[in-house]
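The block underneath contains the structure these notes are about, expressed in structure tokens.
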Amino acid sequence: MNITAGKTTKGTPQQAAGDAQKVFTGLLVAAKNISLYPQGHVMTAKFARKAHQALGSYLVSYGYLRIEIDKDRVLAQGEEIFTGPFEEGSLPFILFRDGIRWIEFVEGLEAEEVAEFLKILQQFSSLADEPEGDFATGIWGMKFPHIQYEIADFSSGTEGGWEEGEEGKGDKKNEISSFKTGSAVTTPGRKNMDGRSGSLLPPIDPEETILTLQEQRQLQEMVSLEAATDYAAGVDVLMDGMLLCREKESFTVIVDVLLDEFRESLSRGEFDTALKIVWGLRKVAGKYQKQLPWAGDVCVNFFAKASAPESLSPVLGQWSRLENDEADTLIRIFGCLDPSAVLTLALLPQGEYSRVKNQLLTDAIISLSERDSRPLEALLDEAGQELAESLFPVIMQLDIETSLRFLRRLAAHPNVSVRRRTVGEILRHPLALPGEILKLIDDPDKTIRHLVLRYAATSGRQDAAEQFLTQYLVKTKFGKSDERFMIECFRALGKCGSSRSVPWLKETLLSRRWLPGKQRRARRKGAKVALEGLQIPEARQVLEDARRISYLPLRKIIRWAKRNIMKNKG
541 MNITAGKTTK
551 GTPQQAAGDA
561 QKVFTGLLVA
571 AKNISLYPQG
581 HVMTAKFARK
591 AHQALGSYLV
601 SYGYLRIEID
611 KDRVLAQGEE
621 IFTGPFEEGS
631 LPFILFRDGI
641 RWIEFVEGLE
651 AEEVAEFLKI
661 LQQFSSLADE
671 PEGDFATGIW
681 GMKFPHIQYE
691 IADFSSGTEG
701 GWEEGEEGKG
711 DKKNEISSFK
721 TGSAVTTPGR
731 KNMDGRSGSL
741 LPPIDPEETI
751 LTLQEQRQLQ
761 EMVSLEAATD
771 YAAGVDVLMD
781 GMLLCREKES
791 FTVIVDVLLD
801 EFRESLSRGE
811 FDTALKIVWG
821 LRKVAGKYQK
831 QLPWAGDVCV
841 NFFAKASAPE
851 SLSPVLGQWS
861 RLENDEADTL
871 IRIFGCLDPS
881 AVLTLALLPQ
891 GEYSRVKNQL
901 LTDAIISLSE
911 RDSRPLEALL
921 DEAGQELAES
931 LFPVIMQLDI
941 ETSLRFLRRL
951 AAHPNVSVRR
961 RTVGEILRHP
971 LALPGEILKL
981 IDDPDKTIRH
991 LVLRYAATSG
1001 RQDAAEQFLT
1011 QYLVKTKFGK
1021 SDERFMIECF
1031 RALGKCGSSR
1041 SVPWLKETLL
1051 SRRWLPGKQR
1061 RARRKGAKVA
1071 LEGLQIPEAR
1081 QVLEDARRIS
1091 YLPLRKIIRW
1101 AKRNIMKNKG
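Everything in the sequence shown is counted per this note's numbering, starting at 541 for the first residue and increasing by one.
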């Protein structure tokens, strides 16, 4: 434990100085980035918030942070944490220029204090030839409760330097947190020759100051263009700073700011800027993979957040209005993101307004899903009818194993339209097995059941279909409303069956012991239809035996079966 200036800190002075260097670097980054934006911009608040978080963490551990400003160097805890020469407009340059000997942040520092501190720093980053104030006057006027400082007493006898006084001896030459300004400098207005104030210019007609609608639009375009240029320039500075950074905390601060700027760029529709950010970070992650492993981890965290729906949701309302070239840029952004971005990408509306955009969208989803298909698979589990149907072109262009896995999931979709299309695709899929296709026969939709029966009758996979249908007819208890469907199952068995089915069909037709009373007649009808459909000697022999039986109801069944077969042939 260390006791300095009556304050208790944790750790050694060297540790405190090392942590102070990290915090000071964060302040440098925040001050530099804030200087790129106009006052009041949303990004300045984000930079200030990050700076406050860094300062707050330090103050919790050490109680205070005093930064001493000397010529061409900055000290904390007696250790040098920054060396010059100071760049014009930078934090240490402004402090030294305006006579700040030291500045101290103490525990309890509020976020508003940091924001105002950085605002004043931005305001006085450069001074006019005849300035109306400087950083020292600005900070004195705020009277921050948790920011203290000492202002040097400039001596007229020295040449641009500070007057070195001795503390505690004689008159105090330095003002601590109480800078006093002199009387305000007034500039008299220009006077006419007769001594009266006035102007030599003619009066202005107020009507001439009103902008036309066209001039208003032109002005708005100029402002938007200038703002976009400023944003892009700010991103360039951040990217350059990141490339030069070799310290994890500062690198992380820059990447966090870039994440905010990425989100803001998407919200503003500035896709070129957003693309520059994600493309650049992909390059940085690859470059530093071996040199600075932690940089790769920071970039991974960036892309995880940038690919999340909360970051990408602004584009959902913009997609339909984009021109093809803008859509192409947006798709390139998604291509740089993680596969989880498909959770947003798949929600972009497709329509007939642009075939090019639809194809761009499909290709992008395929590309991300080929890297990792799990996000798309999870999306399908929750997809409604419209989304599920829009994804069929994507699913059918994935590799055949993945596409079949997705189709299996959609086969249980609650929407019947989706299931019908899914079953149609499964029936044509080269890897779909007869067993899994035939199991779809239990679908509640009549159309799907008939598709499965048609497959059983015509697919050419007679062995599997025959075995499945026989077992299905034996085990299934059909209700009265299912009688027609049961007959169709027997008919399909007659088209795909063989002599192996004859014994069971014979028993069904001629024996009555095991049949429930309500199903007896319908099952006999079905067995007769199946035997007629087999068209093999064994089946014809069973039918001939049945004709000799004097049991009248059975003869009626045989006559009904013959009429039904002739009707179907006709």
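Each residue gets a CB set at the ideal place from its N, CA and C atoms; glycine is no exception. Computed from a prediction, not measured in an experiment: that's the story for all the values here.
According to DSSP, what are the bridge partners of residue i?
i: residue 646; result: 604
i: residue 1001; result: For residue 1001, which the question treats as bridged, DSSP gives no partner whatsoever.
i: residue 609; result: 614
Would you tell me roughly how many angstroms separate the C-alpha atoms of residue i and residue j, rounded to the nearest one?
i: residue 966; j: residue 994; result: 14 Å
i: residue 1030; j: residue 985; result: 19 Å
i: residue 685; j: residue 571; result: 21 Å
i: residue 1023; j: residue 1016; result: 12 Å
i: residue 1060; j: residue 900; result: 59 Å
i: residue 983; j: residue 950; result: 13 Å
i: residue 862; j: residue 827; result: 33 Å
i: residue 955; j: residue 808; result: 37 Å
i: residue 607; j: residue 621; result: 9 Å
i: residue 848; j: residue 579; result: 30 Å
i: residue 634; j: residue 655; result: 17 Å
i: residue 878; j: residue 933; result: 21 Å
i: residue 1088; j: residue 1018; result: 29 Å
i: residue 989; j: residue 812; result: 51 Å
i: residue 802; j: residue 610; result: 37 Å
i: residue 1106; j: residue 1046; result: 21 Å
i: residue 1076; j: residue 928; result: 46 Å
i: residue 969; j: residue 976; result: 12 Å
i: residue 681; j: residue 673; result: 11 Å
i: residue 844; j: residue 948; result: 29 Å
Is any heavy atom in the ligand COA found nearer than 7 Å to the beta carbon of residue i?
i: residue 813; result: Absent from the structure shown: the ligand COA. Ligands present: none.
Check each candidate in the options and name the one with the smallest Cα separation from residue i.
i: residue 842; options: 1019, 870, 791; result: 791
i: residue 881; options: 838, 872, 852, 983; result: 852
i: residue 839; options: 683, 789, 857; result: 789
i: residue 887; options: 920, 913, 816; result: 920
i: residue 979; options: 1044, 1011, 957, 680; result: 1011
i: residue 690; options: 923, 981, 678, 642; result: 642
i: residue 679; options: 1004, 659, 556; result: 659
i: residue 664; options: 653, 630, 692, 651; result: 630
i: residue 666; options: 977, 1001, 636, 885; result: 636
i: residue 938; options: 960, 959, 904; result: 904
i: residue 926; options: 953, 615, 911, 1014; result: 953
By the DSSP assignment, the alpha helix (DSSP H) with residue i in it spans what residues?
i: residue 925; result: 925-930
i: residue 941; result: 940-950
i: residue 1119; result: Since the first and last residues shown for the chain are 541 and 1110, residue 1119 lies out of range.
i: residue 866; result: 864-876
i: residue 961; result: 956-968
i: residue 852; result: 849-852
i: residue 1076; result: From DSSP, residue 1076 is part of no alpha helix (DSSP H); its letter is neither H nor E.
i: residue 628; result: From DSSP, residue 628 is part of no alpha helix (DSSP H); its letter is neither H nor E.
i: residue 902; result: 895-911
i: residue 682; result: 675-682
i: residue 1027; result: 1023-1036
i: residue 662; result: 651-663
i: residue 978; result: 974-978
i: residue 981; result: Element bounds for residue 981: n/a, residue is neither H nor E.
Can you find the residues in the same chain that come closer than 7 Å, C-beta to C-beta, to residue i, ignoring five residues on each side of it along the sequence?
i: residue 558; result: none
i: residue 645; result: 595, 599, 604, 605, 686, 687
i: residue 1065; result: 1027, 1097, 1100, 1101
i: residue 883; result: 849, 915, 919
i: residue 509; result: This structure does not reach residue 509, given that the chain is present from 541 up to 1110, and the question cannot be answered.
i: residue 683; result: none
i: residue 972; result: 944, 966
Given residue i, which residues of its chain have a CB within under 6 Å of its CB, disregarding the five upstream and five downstream residues?
i: residue 860; result: 889
i: residue 822; result: 876
i: residue 897; result: 867
i: residue 935; result: 943, 946
i: residue 1083; result: 1071
i: residue 991; result: 963
i: residue 647; result: 599, 603
i: residue 585; result: none
i: residue 913; result: 942
i: residue 491; result: The chain is shown from 541 up to 1110; residue 491 falls before or after that span and cannot be answered.
i: residue 864; result: 896
Between which residues of its own chain and residue i is the CB-CB distance below 8 Å, once the five residues before and five after are set aside?
i: residue 907; result: 875
i: residue 649; result: 592, 595, 596, 599, 686, 687
i: residue 1159; result: Because the chain spans 541 through 1110 in this model, residue 1159 falls outside it and cannot be assessed.
From which residue to which residue does the beta strand (DSSP E) around residue i run?
i: residue 614; result: 613-616
i: residue 622; result: 619-623
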